[in-house]
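*Asks:* Per the numbering used here, the sequence shown starts with residue 1, numbered consecutively. All C-beta atoms in this analysis are idealised placements derived from N, C-alpha and C, irrespective of residue type, glycine included.
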Amino acid sequence: MGMVACIPLSWLRCEGQEIVEIAEVAIANIAAPTGKRPNFLIIVADDLGFSDVGCFGSEIRTPNIDKLASQGVRCTGFHAAAACSAMIMTGTDHHIAGLGNLIEFTNYTGWLRFDGEPLTESGKPYDTKPQRGMPGYEGYLNEHVVTLAECLRDGGYRTMMAGKCHLGLKPERSPHSRGFDRSFAMLPGSANHYNYRPEGEIKNGTPQILDTSLICLHSEDGEYIPLDELPKDFYSSNTYGDKLIEYLSEWKEGNKKEGQEDRDQPFFAYLPFSAPHWPLQAPKEYIDHYRGVYDKGPEVLRQKRLAKLVELGLIDKDTEPHPVVDDGRSEAWEEFSDFERKMSSRAMEAFAGMVEAIDVNVGRVLDHLKCIGELDSTFIMFLSDNGAEGAAYEAYPLVRDSMMGHIRKYYNNSLENIGAADSFVWYGPRWAQASTAPSRLYKMFTTEGGIRVPCILKGPGCTSSTDGAIRHEFATVMDIAPTLLDMAGVKHPAPTYQGRQVAPMRGKSMSSWLRGDAPSTHPPDFVYGWEFCGRAAIRRAQWKAVFIPAPKGPHKWQLYDLSKDAGEIHDLAESYPKILEELLVHWDKYVEEVGIIPLHPELGAYLEATEDQMEENAWIEYEYWRPGGLEEPGKFFRNPQRFPDGIAQASVVGVVA
Ligand SMILES: [Ca+2]
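#1: Let me know the secondary structure DSSP gives S402 once reduced to three states.
#2: Could you give the DSSP three-state label for F273: helix, strand or coil?
#3: Between K589, M160, E320, which lies nearest to R302 when the distance is taken from Cα to Cα?
#4: Can you find at least 3 beta carbon pairs, one from the stretch 600-614 and one from the stretch 522-540, that sit closer than 8 Å?
#5: Look at E349 and G419 and say whether their C-beta atoms are less than 8 Å apart.
#6: Are there 16 or more other CB atoms within 10 angstroms of the CB of I569, so buried, or fewer, so exposed?
#7: First and last residue of the alpha helix (DSSP H) that includes W251?
#8: In chain order, which alpha helix (DSSP H) runs of at least 4 residues are fully inside the stretch 438-514?
#9: From the DSSP secondary-structure annotation, give me the bridge partner or partners of K164.
#10: Here's the rule I'm using: 16 or more other beta-carbon atoms within 10 Å means buried, otherwise exposed. How should T496 be labelled?
#11: Can you tell me whether DSSP reads Y140 as helix, strand or coil?
#12: Within a Cβ cutoff of 7 Å, which residues of the same chain sit near M487, ignoring the five residues on either side of it in sequence?
#13: Can you tell me whether DSSP reads G529 as helix, strand or coil?
#14: How many angstroms separate the CA atom of R153 from the CA atom of G179?
#15: Distance check for L584 and E18, CA to CA, integer angstroms please.
#16: Could you give the distance in angstroms between the alpha-carbon of I538 and the alpha-carbon of A469?
#17: Check for me: the beta strand (DSSP E) holding A86 runs from which residue to which?
#18: For L375 versus L457, is the C-beta spacing smaller than 8 Å?
#19: Taking DSSP as the reference, what is the three-state secondary structure of T128?
#20: Classify D479 as buried or exposed, calling it buried when 16 or more other Cβ atoms lie within 10 Å of its own Cβ.
#21: Checking the sheet assignment: what are the DSSP bridge partners for E220?
#22: If L169 and Y622 are in contact, beta carbons under 8 Å, what's the gap, nearest whole angstrom?
#23: So is the beta-carbon of D385 under 7 Å away from any non-hydrogen atom of ligand 1?
#24: In terms of residue numbering, what span does the beta strand (DSSP E) encompassing M381 cover?
#25: In its own chain, which residues sit with a C-beta less than 8 Å from the C-beta of R341, not counting the 5 before and 5 after it?
#26: At a cut-off of 7 Å, would you count D52 as near ligand 1, judging by its Cβ distance to the nearest heavy atom?
#27: Could you check which residue in F339, D318, Y194 has the C-alpha nearest to that of S274?
#28: For Y294, list the residues DSSP reports as bridge partners.
#29: Check each candidate in N413, I215, K256 and name the one with the smallest Cα separation from S423.
#30: Answer yes or no: the CB of H277 versus the heavy atoms of ligand 1, is any distance below 7 Å?
#31: Compute the beta-carbon to beta-carbon distance between I358 and A69, rounded to the nearest angstrom, for a pair I have assumed lies under 8 Å.
#32: Please report the residue range of the alpha helix (DSSP H) in which V585 lies.
#33: Can you grab the Cα-Cα spacing for the pair G241 / G595, in whole Å?
#34: When every heavy atom of ligand 1 is checked, does at least one fall within less than 7 Å of the C-beta of F517?
#35: My output table needs one value for V360: the three-state DSSP class, helix, strand or coil.
#36: State whether the stretch 84-91 contacts the stretch 131-147, with contact taken as three or more CB pairs (one from each stretch) at a distance under 8 Å.
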């Protein structure tokens with residue numbers, strides 16, 4: 001069967017108006033911009049929570065990021081999503097771009113299964129199998145989108161990136177093939193931050209749950225890097241900082257050379273750190289700054305952070321914070337044993353060290369820009385890709401039963417060693433909720449705790465009167481690409497690019513708002529949807545409907561007024577049924593427009609998993625975790641079956657609802 005599925009028509013069908021709007025903006029921009037166009041630097045942290053940097057209320061030392069904020073704008077209404085990088089890179093929804101779900105979750109049937117979750121009508125658990133091979137769920141940035149890097153490169157920019165690029169595994173998916181002149185990319189969703197890799201065991205052909213995330217698989221300019229050829233002193237954040245500085249120097253040298261046509265070429269630099277994603281690891285010199293700081297536990301930290309958020313003016317003093325949702329353990333911190341408390345606070349110390357390491361590298365890159373005379377002509381964004389990571393993996397049946405044994409066997413999680421290369425820890429839901437407070441829940445949920453992220457904007461394009469300002473207007477990661485293209489005077493090529501149909505951007509340019517010419521990026525009655533792994537939300541202005549499946553939520557739609565209830569505590573579904581009904585009409589439209597495959601009947605036309613659907617791994621393009629997979633990649637590539645849009649898969653598996 002051919003690789004390419006039918007083009008899902010939904011985004012073309014529903015986005016007609018947007019195509020026209022974008023075309024008009026583009027025409028306005030084609031007039032050559034006067035003077036030098038700005039450079040762009042987009043810095044993304046992985047799983048950094050709302051209050052984890054100093055200028056957003058943290059005790060963690062982040063002087064460089066704080067300095068950016070003092071010269072720019074802090075945004076409290078900025079929203080990301082679960083597959084954020086696809087949206088940054090395309091300006092459209094991740095379900096359209098091929099990352100409808102993360103490949104790990106689509107691949108492993110039981111990955112997100114909790115004890116106590118309800119069953120389908122046939123008595124089976126809900127699972128992600130119906131998404132395998134479906135359009136929008138390819139697991140890589142698909143052929144229906146054009147990337148921001150492609151647009152800017154074609155528009156005359158030098159494009160470069162260093163960091164995590166979890167958007168496909170094969171060379172033809174690499175940033176090198178998707179618009180980056182220079183790229184140093186980590187390809188899995190996570191990896192050991194020190195390239196430490198004890199030999200694991202892959203049993204019966206299917207990797208154990210975290211095996212794919214242990215390997216430090218990188219490529220540079222599309223070529224895989226053997227693990228032993230990564231820098232000897234590899235530490236993810238340091239190495240990405242080094243690489244970006246190297247690429248920037250190379251660009252500067254190129255611009256200086258006489259006789260080059262493009263010697264005033266601006267740059268687009270993308271720095272997506274893989275920190276502070278687990279495993280929590282950082283240089284000891286940074287972790288040591290936090291020894292003892294967290295001994296009083298996550299609730300004390302949560303209260304301190306909340307007080308600081310109020311003091312800084314980032315949240316209203318009357319904000320009611322969502323209560324902490326626990327991890328199934330009934331004991332409070334006070335009832336933990338001394339040892340459990342020490343282990344837990346050490347994990348938080350390691351997390352803090354990781355955040356400080358990010359800041360140090362942000363500082364190095366900014367210093368370098370200053371040194372080469374480009375700092376003031378560079379538009380800079382710093383943001384996180386989603387809320388803090390609160391999963392207690394030890395409580396997931398699959399991890400508990402397999403991965404914990406692996407960790408015990410190959411890693412040294414003694415108290416003294418936590419944070420080192422050969423340790424493997426995460427910090428769990430209580431620390432995460434200290435960081436996402438006052439919001440509800442954390443990463444992978446469509447409540448505010450999973451999607452509201454810290455964001456700082458600075459540089460040309462922002463009015464000088466915004467220095468150090470705090471703004472509360474709604475904006476999203478889909479707005480980044482339209483903003484940069486707008487500032488660069490580059491036209492998005494939709495509906496076609498290089499002979500194929502591509503989706504238009506769904507985001508809006510923030511530049512009028514940043515200049516102070518518009519009160520907000522989006523109109524007051526904006527509508528915006530989120531879906532990830534069967535968790536869902538649809539928002540219109542301050543009203544937000546949320547669906548969180550059991551056991552972490554009530555498994556029904558809830559309704560919140562975010563203007564009065566930022567913590568999503570008071571469910572108004574019964575008081576305002578008409579508003580909920582109206583939002584659910586928008587929800588259905590969103591499902592159709594972006595091509596969601598619902599994982600619960602409450603979310604739309606639902607297909608129950610059957611035995612006929614694709615098996616685990618059958619649709620993954622590169623099984624790099626298998627023995628020999630890194631040495632001879634080509635032997636481990638696949639061209640998996642892809643299903644055409646909608647109807648065909650229904651005929652394969654039978655429509656249940
Ligand atoms: Ca993330």
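*Replies:* Concretely, from the data shown:
#1: helix
#2: coil
#3: E320
#4: yes
#5: yes
#6: exposed
#7: 236-256
#8: 448-451, 480-488
#9: M186
#10: exposed
#11: coil
#12: P38, F379, G461, S511
#13: strand
#14: 6 Å
#15: Low confidence applies to E18: its pLDDT is 39, below 50, so where it sits in the model is not reliable, and the reading given next is rough at best. Approximately 22 Å, taken between the alpha carbons.
#16: 29 Å
#17: Note, A86: premise wrong, no beta strand (DSSP E); alpha helix (DSSP H) at 84-90.
#18: no
#19: coil
#20: buried
#21: F184, E223
#22: 4 Å
#23: yes
#24: 378-384
#25: D295, G297, W333
#26: no
#27: Y194
#28: Beta-bridge pairing links Y294 to no other residue.
#29: N413
#30: yes
#31: 14 Å between Cβ atoms; not a contact.
#32: 577-594
#33: 37 Å
#34: A small fix is needed here, since residue 517 is Asp in this sequence, not Phe. Checking every heavy atom of ligand 1 against the Cβ of D517, none is found closer than 7 Å.
#35: helix
#36: yes
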